[in-house]
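Residue 191 in this note's numbering is what sits at position 186 of the sequence shown, and the numbering runs on without skipping anything. Heads up, the beta-carbon is just placed ideally off N, CA and C, and yes, glycines get one too. Here the structure is a predicted model, which is why all the values come from computation and not from measurement. This report concerns only the one structure given below.
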Amino acid sequence: MTVAKAMLAVDGTRAVAAFRAFAEAAERPVEPHGDGIRIGLMAGGLVIEPRGKDTAITVDAADATGLQLICDTLVERLAGMGLVPEWQEDMAGKRPGNQALARIAGVTRISPSYSRVVIEGEDLGRFANEPLHFRLLMGPADAPWPVTDETGATDWPGGIGEWHRPVYTTREAEPTRQGTRLSFDVFRHDGGRVTAWCDRVSPGGEIALTGPGGRGYPAPVGWLGLVGDETAMPVMARILSALPSDARGAAAIVVPHSEDIQQISHPEGVMLRWCIRGKGETPLSALASLPFPDNDRHIFFAAEKSEAEQARKWLNERGFQKGESRAAAYWTAR
Ligand SMILES: Cc1cc2nc3c(=O)[nH]c(=O)nc-3n(C[C@H](O)[C@H](O)[C@H](O)COP(=O)(O)OP(=O)(O)OC[C@H]3O[C@@H](n4cnc5c(N)ncnc54)[C@H](O)[C@@H]3O)c2cc1C
Numbered sequence: 006m007t008v009a010k011a012m013l014a015v016d017g018t019r020a021v022a023a024f025r026a027f028a029e030a031a032e033r034p035v036e037p038h039g040d041g042i043r044i045g046l047m048a049g050g051l052v053i054e055p056r057g058k059d060t061a062i063t064v065d066a067a068d069a070t071g072l073q074l075i076c077d078t079l080v081e082r083l084a085g086m087g088l089v090p091e092w093q094e095d096m097a098g099k100r101p102g103n104q105a106l107a108r109i110a111g112v113t114r115i116s117p118s119y120s121r122v123v124i125e126g127e128d129l130g131r132f133a134n135e136p137l138h139f140r141l142l143m144g145p146a147d148a149p150w151p152v153t154d155e156t157g158a159t160d161w162p163g164g165i166g167e168w169h170r171p172v173y174t175t176r177e178a179e180p181t182r183q184g185t186r187l188s189f190d191v192f193r194h195d196g197g198r199v200t201a202w203c204d205r206v207s208p209g210g211e212i213a214l215t216g217p218g219g220r221g222y223p224a225p226v227g228w229l230g231l232v233g234d235e236t237a238m239p240v241m242a243r244i245l246s247a248l249p250s251d252a253r254g255a256a257a258i259v260v261p262h263s264e265d266i267q268q269i270s271h272p273e274g275v276m277l278r279w280c281i282r283g284k285g286e287t288p289l290s291a292l293a294s295l296p297f298p299d300n301d302r303h304i305f306f307a308a309e310k311s312e313a314e315q316a317r318k319w320l321n322e323r324g325f326q327k328g329e330s331r332a333a334a335y336w337t338a339r
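The following block contains the structure:
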């Protein structure tokens, strides 16, 4: 477990009451801790203890990634109230705990619509399992990688709005003598900044990632349905190849051309259908053709934002209850 401690110049009793109200509104668990409280968060916890006219804050998390996420959110929320935590340790100038640096080992055009990027680094081991996703960091020209400021939060050179931070899915991660080699597949599309980056970079170049983050594998279920567009092909491949051999279900992946079809291992009981967009198939038509059962089922759909909204409506209309489906927006058409 990693921990960060700070003091806040706010009356302790008032701070405990305010944090408790925030936790209850956010439906986070609150338990007594010493003379204060501990709030359970997704990535760890937050202990708030009165110290007279001040308040002691302790952030705990399972790893540095979680710790940075909590600290960034805490600092942002406190800044909105005009408050700045004073950390016990000197926080300035450090690499944020959720950031990893890596070297580009190669970028290969694996099919008409995909480039595969292979990177290597000492800190990439944590991207090997779950959660399945990470963000690439692309900053303004010549900007250095972000470091922490004196409040412990990530300081984005030029402002966070100037950074492109698209989400990608780890395809494979394997240990090497110096660390980990990780690959991800980039769907190439018009105007894509990552597509242009793939064509520009060369082996040896440096890259920064944050994460891992987002979801892991779907929970086990009697029948699993998967529908994904080009950007969700990598996550569908991860899920399919991790399923137990007795899993049952059906998957449909939409790609532009038949030459974009990849070999993906999957259990015999999970039918995999590749849908070719060039032949008029779409994620929504693929969803409509899934042969789903009436119960003990889960459908995961991932595509463009408006398609995810339509999929959600379609699933509701067919009686899918909360927990029986998830329709995720993987990109937004602009
Ligand atoms: C959890 C998650 C996992 C993801 N995993 C992957 C992955 O492994 N591989 C992958 O390729 N993508 C993945 N994506 C999608 C990816 O993050 C977005 O497509 C992102 O916008 C790509 O950035 P860009 O630089 O290519 O495009 P941007 O520079 O952000 O966008 C430029 C223009 O392209 C449009 N655009 C963005 N995406 C697409 C698209 N797919 N098709 C057509 N036009 C588009 C935008 O609307 C905009 O007009 C994932 C998204 C999520 C949420």
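Heavy atom of ligand 1 within 7 Å of residue i beta-carbon
i: Gly-196; result: yes
i: Phe-305; result: no
i: Arg-235; result: A small correction: the amino acid at residue 235 is Glu; Arg does not occupy that position in the sequence shown. Under cutoff, so the answer is yes.
i: Gly-221; result: no
i: Arg-19; result: no
i: Thr-215; result: no
i: His-138; result: yes
i: Ala-338; result: yes
i: Val-122; result: no
i: Pro-171; result: yes
i: Asp-204; result: no
i: Val-240; result: yes
i: Asp-265; result: no
i: Asp-65; result: no
i: Val-260; result: no
i: Thr-174; result: yes
i: Phe-132; result: no
i: Thr-287; result: no
i: Val-199; result: yes
i: Asp-128; result: no
i: Val-89; result: no
i: Asp-154; result: no
i: Val-232; result: no
i: Val-191; result: yes
Supposed contact pair residue j and residue i - C-beta distance, whole angstroms, cut 8 Å
i: Ala-107; j: Leu-214; result: 7 Å
i: Glu-91; j: Ala-158; result: Rounded, the Cβ-Cβ distance is 13 Å, inconsistent with contact.
i: Val-260; j: Ile-266; result: 6 Å
i: Arg-340; j: Phe-189; result: It is not possible to answer for residue 340, since the shown part of the chain is limited to 6 through 339.
i: Gly-130; j: Thr-185; result: 5 Å
i: Val-226; j: Arg-302; result: 6 Å
i: Leu-245; j: Ser-270; result: 7 Å
i: Tyr-119; j: Leu-141; result: That belief does not hold up - the Cβ atoms of Tyr-119 and Leu-141 are roughly 16 Å apart, past 8 Å.
i: Val-199; j: Pro-171; result: 6 Å
i: Thr-7; j: Ala-66; result: 6 Å
i: Glu-167; j: Gly-144; result: 7 Å
i: Leu-289; j: Ala-316; result: 6 Å
i: Leu-187; j: Phe-132; result: 6 Å
i: Val-21; j: Pro-55; result: 6 Å
i: Pro-272; j: Asp-251; result: 7 Å
i: Val-112; j: Cys-203; result: 5 Å
i: Arg-220; j: Leu-320; result: Actually they do not touch by this definition, with Cβ atoms about 17 Å apart.
**Asked** Three or more beta-carbon pairs under 8 Å between the stretch 219-232 and the stretch 254-268, yes or no?
**Response** yes
**Message:** Does the contact criterion of 3 or more C-beta pairs under 8 Å hold for the stretch 282-294 versus the stretch 199-210?
**Reply:** no
**Every unbroken alpha helix (DSSP H) inside the stretch 226-312 [4 residues or more]** = 238-247, 288-293
**the stretch 330-338 / the stretch 297-316 touching (three or more Cβ pairs under 8 Å)** = yes
**Message:** Under 8 Å, with one C-beta from each stretch per pair, do the stretch 142-159 and the stretch 90-104 reach the 3-pair mark?
**Reply:** yes
**Prompt:** So does the stretch 47-55 actually touch the stretch 71-84, counting three or more Cβ pairs closer than 8 Å?
**Reply:** yes
**Message:** My parser needs the alpha helix (DSSP H) runs of 4 or more residues fully inside the stretch 183-215; what are they?
**Reply:** 198-205
**Request:** Output the residue ranges of the alpha helix (DSSP H) runs that lie fully inside the stretch 120-144 and measure 4 residues or longer, sorted by chain position.
**Result:** none
**Request:** Quick one: which unbroken beta strand (DSSP E) runs of 3-plus residues sit fully inside the stretch 82-118? Chain order, please.
**Result:** 104-116
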